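Read through the structure below, which is laid out as structure tokens, and then see the notes.
Protein chains: 2
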Amino acid sequence: MNKRKTNTTEASILKAAKTIFLHKGMDGARMQEIADEAGINKSMLHYYFRSKELLFKAVFMEAFSTLAPQLNEILNADSSICDKIKGFSHNYITFVIAHPYLPNFILQEMNRNNEFVNDLISKNHFPSIKKFKLQVKEKVADGTLRPIKAEHLFINIMALNIFPFVASPLLKKVLDTSDTQFKNLIEERKTEVAEFIINAIKV
Amino acid sequence: MNKRKTNTTEASILKAAKTIFLHKGMDGARMQEIADEAGINKSMLHYYFRSKELLFKAVFMEAFSTLAPQLNEILNADSSICDKIKGFSHNYITFVIAHPYLPNFILQEMNRNNEFVNDLISKNHFPSIKKFKLQVKEKVADGTLRPIKAEHLFINIMALNIFPFVASPLLKKVLDTSDTQFKNLIEERKTEVAEFIINAIKV
DNA sequence: AAAAGGTTTAACTAAATGGTTGACAAATGT
DNA sequence: ACATTTGTCAACCATTTAGTTAAACCTTTT
């Protein structure tokens, strides 16, 4: 068994596939392009991953597995709602600055191929909103928070953090900002977003 | 000149192309599929639109032209900021419920082919944030609004209104809602979103 | 050092895909 | 009525693309 070579080849394929799939999506990606990116023969892709679809699933899985756990900071941590919002916004934006194509990739492919995400559910258990719902209900009941459904608050937190990355080309045009100016805006949002949300929900 | 036939054929091609492109994107769409959807021969697509790319541009243009003007309600109307936010949120969500694939299509294709959006700029003049910026600055200065940059407020308004449509498959999973339950949430957001934003910015 | 077994490559295949052509039909002008 | 233009289609073409194959190539084992 040639373990060393196997590992590095498989890893370099995955890395290349990630680059190409994240930039071009399933439909726009070409197996030859992935092979070129990895600097190997196209047959290797099939040798290690059998088909384009399986290679894509491996990439999607990996991408999803890096993003999904971050939701747990909001949904399942034990801290207060304010701390969760502050922590999540800061950490999430920091993370996505380092992986700017991830959110768009995942949202796009979930829209494209809804059914295959259902496979993903059973194995990789989705984060659940249950605990967060109880926490919000409680704080609304005791008057600490303005009345709001946990679902809406969750959607709002996601929207404010994720949307700027998904819509960056549009926003850059409307705001008429350069790349660096836009990066500065994003940087500001690490604190701006949490502040905005907390102002909206605190009594 | 066979004007009647020309008009109906061209229109049915555009309609079919819209359906296919909006669901599958440029890369995922097939010319044959568009022809089938329109119930005509594939040659007709080239007869009327020359190439896949030109047909796609026609569809994108039309899609963009229906969405862009809505931004003017926020950016260039003469009403108060509160009224703008209330009006826009309600109108926009109502509109997108009727055209659920539009926002995702536009964001996705702007991410995919950034340069060709630049062509679009010169012809179809992009909405500008100038006026809105002045209005926000003024209201922050006179103490009516909490301090916030117009850019962030604009991004937030866009995010809260658009994101739920773009991320619906993900949100449905995390929130564990049925399609009808999710539709109800969206319906609630027609007022919920504006309320949330106004709470966040009013002193 | 030779067999064995996993790894890699060039060449190949079959199907799909965007686009073209030429024949033909339908409408329009004279 | 007849010629000309315009619209439509089936068949075709060139290229691209995912996937296959068989031989070569290492690396380890014996």
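Here the protein sequences line up with chains B and S, keeping their order.
My numbering numbers the first residue of the first sequence as 1 and each following residue consecutively.
My numbering numbers the first residue of the second sequence as 1001 and each following residue consecutively.
No residue lacks a Cβ here, since even glycine has one placed at the ideal position from N, Cα and C.
Keep in mind that this is a model prediction, so the values were computed, not measured.
1. Distance cutoff 8 Å, beta carbons only. Does A98(B) sit that close to anything in chain S?
2. Can you give the Cα-Cα distance for F961(S) and T8(B), rounded to whole angstroms?
3. Quick test of the definition: if touching needs 3 or more C-beta pairs under 8 Å, does the segment 1193-1201 of chain S touch the segment 144-160 of chain B?
4. Return the residues of the segment 1027-1040 of chain S that lie within a Cβ-Cβ distance of less than 7 Å from chain B, sorted by chain order.
5. Give the list of continuous alpha helix (DSSP H) stretches no shorter than 4 residues that lie fully inside the segment 118-174 of chain B.
6. Closer than 8 Å between beta carbons: that is the criterion. Which residues of the segment 1143-1162 of chain S meet it against chain B?
7. With distances taken Cα to Cα, identify the nearest neighbour of F1205(S) among C1082(S), T1191(S), G1039(S), N1041(S).
8. Taking buried to mean at least 16 other C-beta atoms within 10 Å of its own C-beta, is G143(B) buried or exposed?
9. Can you list, in chain order, the residues of its chain whose CB lies under 7 Å from that of M31(B), leaving out five sequence neighbours each side?
10. What residue from A200(B), V203(B), T191(B) has the CA that sits closest to L87(B)'s CA?
11. Looking at F1021(S) and P1029(S), is the spacing between their C-beta atoms short of 8 Å?
12. What does M61(B) touch in chain S if you count any residue whose Cβ is under 8 Å from its own?
13. Rounded to a whole number of angstroms, what is the C-alpha to C-alpha distance between T1094(S) and E1033(S)?
14. Can you tell me which of M110(B), T177(B), P69(B) puts its alpha carbon nearest to the alpha carbon of V1166(S)?
15. For A77(B), which residues in the same chain have their Cβ closer than 7 Å to its Cβ, ignoring the five residues on either side in sequence?
16. Of the choices N184(B), F154(B), E115(B), whose alpha-carbon is the least far from that of L71(B)?
17. Excluding the five sequence neighbours on either side, which residues of its own chain have a C-beta within less than 8 Å of the C-beta of L102(B), listed in chain order?
18. Which whole-angstrom value is the C-beta distance of I129(B) and L75(B), which I expect to be below 8 Å?
19. Throw me the rounded Cβ distance for the K24(B) and V59(B) pair, which I believe falls under 8 Å.
20. Roughly how many whole angstroms lie between the Cα atoms of L55(B) and K183(B)?
21. Would you call S89(B) buried or exposed, if buried means 16 or more other Cβ atoms sit within 10 Å of its Cβ?
22. Say whether chain B places a C-beta atom closer than 8 Å to the C-beta of I1093(S).
23. Closer than 7 Å by beta-carbon distance: list the chain S residues that pair up with F126(B), in chain order.
24. For a test of your reading of the model: does the CB of D119(B) fall under 7 Å from any non-hydrogen atom of the ligand MG? Yes or no.
25. Pull the bridge partners of K1084(S) from the DSSP assignment, please.
26. Quick one: what's K1202(S) bridged to in DSSP?
27. Please name the residues in the segment 101-121 of chain B whose beta-carbon is closer than 8 Å to at least one beta-carbon of chain S, in chain order.
28. Report the rounded CA-to-CA distance for K1015(S) versus E115(B), giving the unit in angstroms.
29. Go through its chain and collect everything with a Cβ distance to K139(B)'s Cβ below 8 Å, but skip five positions before and after it.
30. Considering only C-alpha positions, which residue in the set F1049(S), K1202(S), K1057(S), I1013(S) is nearest to A1038(S)?
A quick look at the data gives this:
1. Sequence index remark: in the first sequence, residue 98(B) carries index 98 (1-based). Answer no: the Cβ-Cβ gap between A98(B) and chain S never drops below 8 Å.
2. One cannot answer for residue 961(S) here, as it falls past the ends of chain S, which runs 1001 to 1203.
3. yes
4. D1027, G1028
5. 130-141, 150-166
6. R1146, I1148, K1149, E1151, H1152, F1154, I1155, N1156, M1158, A1159, L1160, I1162
7. This structure cannot settle anything about residue 1205(S), because the visible part of chain S is limited to 1001 through 1203.
8. Locating residue 143(B) in the first sequence gives position 143, counting from the first residue. It is exposed - the Cβ of G143(B) has fewer than 16 other Cβ atoms within 10 Å.
9. Counting from one through the first sequence, the residue named residue 31(B) turns up at place 31. Correct list, in chain order: K42, L45, K52.
10. Locating residue 87(B) in the first sequence gives position 87, where the first residue counts as 1. It is worth fixing the name first, because residue 87(B) is Gly in this sequence and not Leu. The shortest C-alpha separation from G87(B) is found at T191(B).
11. Position 29 of the second sequence holds residue 1029(S). Position 21 of the second sequence holds residue 1021(S). Per the sequence presented here, residue 1029(S) reads as Ala, with Pro not at that position. Cβ distance < 8 Å, so A1029(S) and F1021(S) count as in contact.
12. Locating residue 61(B) in the first sequence gives position 61, counting from the first residue. The premise fails here: M61(B) is roughly 15 Å from chain S at the closest Cβ pair, so nothing lies under 8 Å.
13. Here residue 1094(S) is taken as the residue at index 94 of the second sequence, counted from 1. Here residue 1033(S) is taken as the residue at index 33 of the second sequence, counted from 1. Approximately 30 Å, taken between the alpha carbons.
14. Numbered from 1 along the second sequence, position 166 holds the residue referred to as residue 1166(S). The option with the nearest alpha carbon to V1166(S) is M110(B).
15. Numbered from its first residue, the first sequence carries residue 77(B) at position 77. Here the set comprises K84.
16. Within the first sequence, numbered from 1, the residue matching residue 71(B) stands at position 71. Taking only the C-alpha atoms, the option nearest L71(B) is F154(B).
17. Taking the first residue of the first sequence as position 1, residue 102(B) is located at position 102. So the qualifying residues of the chain are L22, A63, T66, L67, V96.
18. For the purposes of this step, residue 129(B) is identified with residue 129 of the first sequence, where counting begins at 1. For the purposes of this step, residue 75(B) is identified with residue 75 of the first sequence, where counting begins at 1. Confirmed, Cβ separation roughly 6 Å.
19. Working through the first sequence from its first residue, we reach residue 24(B) at position 24. Working through the first sequence from its first residue, we reach residue 59(B) at position 59. Not really, about 12 Å apart at Cβ, beyond 8 Å.
20. Mapped onto the first sequence, residue 55(B) falls at position 55. Mapped onto the first sequence, residue 183(B) falls at position 183. Spanning the two alpha carbons is a distance of roughly 32 Å.
21. Along the first sequence, one-based indexing puts residue 89(B) at 89. So S89(B) counts as buried.
22. Residue 1093(S) sits at position 93 when you count from the first residue of the second sequence. I1093(S) does not count as touching chain B.
23. Position 126 of the first sequence, counted from the first residue, corresponds to residue 126(B). Those within 7 Å of F126(B) in chain S are K1173, V1174.
24. This structure lacks the ligand MG, and indeed carries no ligand of any kind.
25. Working through the second sequence from its first residue, we reach residue 1084(S) at position 84. K1084(S) is not bridged to any residue.
26. Position 202 of the second sequence, counted from the start, is the residue given in the question as residue 1202(S). Bridge partners of K1202(S): L1145(S).
27. N104, I106, L107, Q108, M110, N111, R112, N114, V117, I121
28. In the second sequence, the residue the question calls residue 1015(S) occupies position 15. In the first sequence, the residue the question calls residue 115(B) occupies position 115. Roughly 26 Å separates the two Cα atoms.
29. The count along the first sequence starts at 1 and reaches residue 139(B) at position 139. The answer, listed in chain order, is I81, L145.
30. Taking the second sequence and counting its residues from 1, the one referred to as residue 1038(S) is at position 38. With distances taken between Cα atoms, A1038(S) lies closest to I1013(S).
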